[in-house]
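Here the structure comes first, spelled out in structure tokens, and everything after it is commentary.
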Amino acid sequence: MKTDYDVAIVGGGIIGQSIAYHLAKENVSVVVLEGNAVGSGATRAAAGMLGANSELDDDDAFYQFAKESQRYYHTLNQELFDLSQVSIQLFDRGMYKLAYNEEEAETLKRALPMNSTLEWHPREQVLKHEPTLSSDLVGALYIPEDGHVSPVDTCLAFSKSARFLGADIVENVPVHSIEKTDEKDYALQTAKGTYYSKHVVIANGVWSHYFLKNLDLQLGMKPVKGECLSVKSDKIKLEKTIFYDHCYIVPKGNGKLVIGATMVEDDWTTEPTFGGIQSLMNKMAPILPDIKYATLLDTWAGLRPQTIDGKPYIGQHPSGEHLYFATGHYRNGILLAPKTGEMMANLIVGKQVKKEYVEAFSLTRHIQQVMR
Numbered sequence: 097m098k099t100d101y102d103v104a105i106v107g108g109g110i111i112g113q114s115i116a117y118h119l120a121k122e123n124v125s126v127v128v129l130e131g132n133a134v135g136s137g138a139t140r141a142a143a144g145m146l147g148a149n150s151e152l153d154d155d156d157a158f159y160q161f162a163k164e165s166q167r168y169y170h171t172l173n174q175e176l177f178d179l180s181q182v183s184i185q186l187f188d189r190g191m192y193k194l195a196y197n198e199e200e201a202e203t204l205k206r207a208l209p210m211n212s213t214l215e216w217h218p219r220e221q222v223l224k225h226e227p228t229l230s231s232d233l234v235g236a237l238y239i240p241e242d243g244h245v246s247p248v249d250t251c252l253a254f255s256k257s258a259r260f261l262g263a264d265i266v267e268n269v270p271v272h273s274i275e276k277t278d279e280k281d282y283a284l285q286t287a288k289g290t291y292y293s294k295h296v297v298i299a300n301g302v303w304s305h306y307f308l309k310n311l312d313l314q315l316g317m318k319p320v321k322g323e324c325l326s327v328k329s330d331k332i333k334l335e336k337t338i339f340y341d342h343c344y345i346v347p348k349g350n351g352k353l354v355i356g357a358t359m360v361e362d363d364w365t366t367e368p369t370f371g372g373i374q375s376l377m378n379k380m381a382p383i384l385p386d387i388k389y390a391t392l393l394d395t396w397a398g399l400r401p402q403t404i405d406g407k408p409y410i411g412q413h414p415s416g417e418h419l420y421f422a423t424g425h426y427r428n429g430i431l432l433a434p435k436t437g438e439m440m441a442n443l444i445v446g447k448q449v450k451k452e453y454v455e456a457f458s459l460t461r462h463i464q465q466v467m468r
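When the letters of the sequence shown are read in order and numbered with the numbering used here, they come out as residues 97 to 468.
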């Protein structure tokens, strides 16, 4: 069994797999160490929205990074399929952010100057495209670029493509500790032996807090539990993703709809609650009157890692050379996975990374705040 690598990645969700893929493209020897199954954590629980415009409001470095990642999916769509034979199920029919009163409408319209592709659709136009929505809406912000993918399939496509290019993906191997050694830069202790690497990337989502703490970083990251459900309906015909009041409805084809998500801070449980699922149904009922006729398919929950400012940590440990973190992606892990993988690979191999991105996602940006 090979145990010596250039880079070891802790965490086999979509972020870790994207990093592995981009490193493998650079002919770097890389291993992914996943404590459970590939994509079994927050990746599995996500709906797959690529909501660069729907989730983000400020025209800053974070927004630009998200937009680049969103566009990158169109390149990866064919690229990953050619290597893995797995479709990421990219749908780019756009999104409607709904308004049910004039105040909500004016708030949404403020986004129009940020992006020339955004459009305001009045009630009649919205209902022409999506007739199963309730008729008492005022209008909607149409975001043509905000589509969606299948999170599990995208993670699998990254993983299989990384393997094809030479990466090793090891499942059911929790990493217990990371230590500096004399012979190698880092030794990663697992229940199935020790792995050695020059570089280490911590990319295991909310569970990164364990390594943050043990590597002397107090950054205030916390879990935010998100509950979701899926239903099937022959009555509801949606083409676009629907977004309202921090909740979404994602049409997955063949009458299947994914609805989410609750936001419960500091909750480490991973099972959905009756109250959480009921709250989602209550929010959706006025938007989609026919939801009451839908058949419930499944319910689930996941833990999203939230940082102080909602932006991820992508970069090097401030005092540890060759030790990196890619975590804290919160509600945008699927959206940001492509650019996170590319950025992390570029940092490790020494390629140029935009200064504004390094600063925006630096781990040091919150150390001072936490210490105050």
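Positions of the beta carbon are idealized from the N, C-alpha and C atoms, including for glycine.
In the DSSP assignment, residue 209 is bridged to no other residue. When only Cα atoms are considered, residue 102 and residue 278 end up about 16 angstroms apart.
For the pair residue 327 and residue 229, the CB atoms are not nearer than the 8 angstroms cut-off. Rounded to the nearest whole angstrom, the CA to CA distance from residue 163 to residue 149 is 8 angstroms. Here the region 367-387 makes contact with the region 320-339; the two share three or more CB pairs at distances below 8 angstroms.
Cβ contact annotation for residue 253 (same chain, cutoff 6 angstroms, sequence separation greater than five): 176, 180, 182 and 184, in chain order. One thing to note: residue 99 has its Cβ no nearer than 8 angstroms to the Cβ of residue 238. Residue 250 and residue 403 have their C-alpha atoms roughly 24 angstroms apart.
Scanning its chain for C-beta atoms nearer than 6 angstroms, with the 5 sequence neighbours on each side dropped, one finds around residue 133 the residues 267, in chain order. Residue 394 sits in a strand when the DSSP states are folded into three classes.
Residue 321 and residue 399 have their C-alpha atoms some 5 angstroms from each other.
The region 353-368 and the region 196-206 do not touch, with fewer than 3 CB-CB distances between them shorter than 8 angstroms. By the criterion of at least three beta-carbon pairs nearer than 8 angstroms, the region 415-428 is in contact with the region 295-315. DSSP places residue 376 in the uninterrupted alpha helix (DSSP H) bounded by 370-380.
Here the region 106-125 makes contact with the region 427-435; the two share three or more CB pairs at distances below 8 angstroms.
Under the DSSP assignment, residue 196 falls outside any alpha helix (DSSP H); it carries neither an H nor an E label. Across the set 131, 450 and 208, the C-alpha of 208 shows the shortest separation from the C-alpha of residue 155.
At least 8 angstroms separates the beta-carbon of residue 226 from that of residue 353. Within the DSSP secondary-structure output, residue 323 pairs in a beta bridge with 397. Residue burial annotation: residue 336 is buried, with at least 16 other C-beta atoms found within 10 angstroms of its C-beta.
Going by beta carbons, residue 192 and residue 339 fall inside the 8 angstroms limit. In the structure shown, residue 253 adopts helical secondary structure according to DSSP, grouped into three states. Distance from the CA atom of residue 301 to the CA atom of residue 376, rounded to whole angstroms, is 24 angstroms.
Residue 106 and residue 233 have their C-alpha atoms spaced approximately 46 angstroms apart. Looking at 324, 323, 325 and 306, the one whose alpha-carbon comes closest to that of residue 317 is 306. Less than 8 angstroms divides the Cβ of residue 138 from the Cβ of residue 109. Cβ-Cβ distances below 7 angstroms link residue 166 to 146, 148, 241 and 431 in the same chain, with the five nearest sequence neighbours on each side left out; the list follows chain order. Our two residues, residue 411 and residue 158, have alpha carbons roughly 14 angstroms apart in a direct line. For the pair residue 244 and residue 187, the CB atoms are nearer than the 8 angstroms cut-off.
For residue 145, the secondary structure class from DSSP, reduced to helix, strand or coil, is strand. Annotation for residue 412: the continuous beta strand (DSSP E) segment containing it runs 409-412. In the three-state reduction of the DSSP assignment, residue 361 falls in the strand class. Setting aside the 5 residues that flank it on each side, residue 126 is surrounded in the same chain by 101, 102, 103, 105, 116, 119, 120 and 263, each with a C-beta closer than 7 angstroms to its C-beta; the list follows chain order.
Using a 10 angstroms sphere on the CB of residue 364, the tally of other CB atoms stays under 16, which defines it as exposed.
Within the same chain, 113, 134 and 265 come within 7 angstroms of residue 255 by CB-CB distance, once the 5 residues on both sides are set aside.
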